[in-house]
Structures are given as structure tokens and as C-alpha cells.
Amino acid sequence: MNLHDWIDELADVLDVETEVDEGLILDLARVAAHNVQRTAAPITAYVLGFAAGAGGLDPEQVERLAAKAQQLAENWDRPSDARDPDDVDDDVPDDSTVDHSTDRYED
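Letter by letter, the sequence shown follows residues 1 to 107 of UniProt numbering.
Set out below in C-alpha cells:
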């Protein structure tokens with residue numbers, strides 16, 4: 001099975017009609033993995049797909065979004081192990097010894 005077959009089968013299973021520019025997606029994923037961090041590749045592709053679906057974008061609009069995302073990744077200057085400045089450095093209480101099996105939560 002090649003990539004085109006996989007895409008066709010996946011689209012059928014997910015019940016979507018789509019044309020995929022796999023070169024565009026792979027290039028974007030490669031740049032995100034290289035410049036941001038490896039795990040950014042699938043997340044970047046997912047967010048691009050989500051934006052395309054939510055906006056009902058045509059292929060040209062998807063290309064423009066992908067170019068913006070790729071430019072962001074190419075200019076990314078934070079090391080992959082850098083702390084997020086918004087992270088709070090509070091102590092997290094250790095409740096690993098507490099039995100929560102009978103706790104009830106409201107829906």
C-alpha cells in the first residue's frame with residue numbers, strides 16, 4: 001500500500017471527502033519537527049487540518065495557512081526544552097497515597 005492508497009482508505013474510514021497535498025503536509029511536519037521539536041510535527045498537521053475543516057477552506061487557502069505555519073516554525077527560536085513562561089512553578093501536593101476509588105463526582 002502506498003501513501004495515496006492510505007489517504008484514500010483513511011478518508012473512507014473517517015467518512016470525509018478531501019484532497020490531500022501530502023508534499024505540503026510532509027514539508028510542514030518536517031520543518032516543525034526540526035525547528036520546534038519532533039512531537040510538533042503531528043500536532044502542527046492536526047491543527048492545520050482542523051483550521052482547514054473549521055473554515056471550510058479550499059486548497060489554495062490551506063496552502064496559505066500552511067505557509068504561515070511553516071514560516072512560524074522556521075523562525076521558531078525557543079529551544080525544545082525551554083520552559084513555558086506561563087507555567088506556574090507551584091509545588092504540587094503528592095496525594096499518591098490517598099485512595100480516591102470511592103470519590104463521587106458530579107457530571
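The C-beta atom is built at its ideal place from N, Cα and C for all residues, glycine as well. Small disclaimer: the values here were computed from a predicted structure and weren't measured.
Check	Outcome
Option in Ile7, Asp95, Thr102 and Val62 with minimal Cα separation from glutamate 17	Ile7
The region 24-39 touching the region 61-69, judged by at least three CB pairs closer than 8 Å	yes
Cα-Cα separation, threonine 39 to valine 20	21 Å
Span of the alpha helix (DSSP H) around glutamine 37	Here glutamine 37 belongs to no alpha helix (DSSP H), and DSSP marks it neither H nor E.
Cβ-based burial, glutamine 70 [other Cβ within 10 Å; buried from 16]	buried
Contact with chain B by valine 31, beta-carbon distance below 9 Å	Absent here is chain B; the protein component of the structure consists of one chain.
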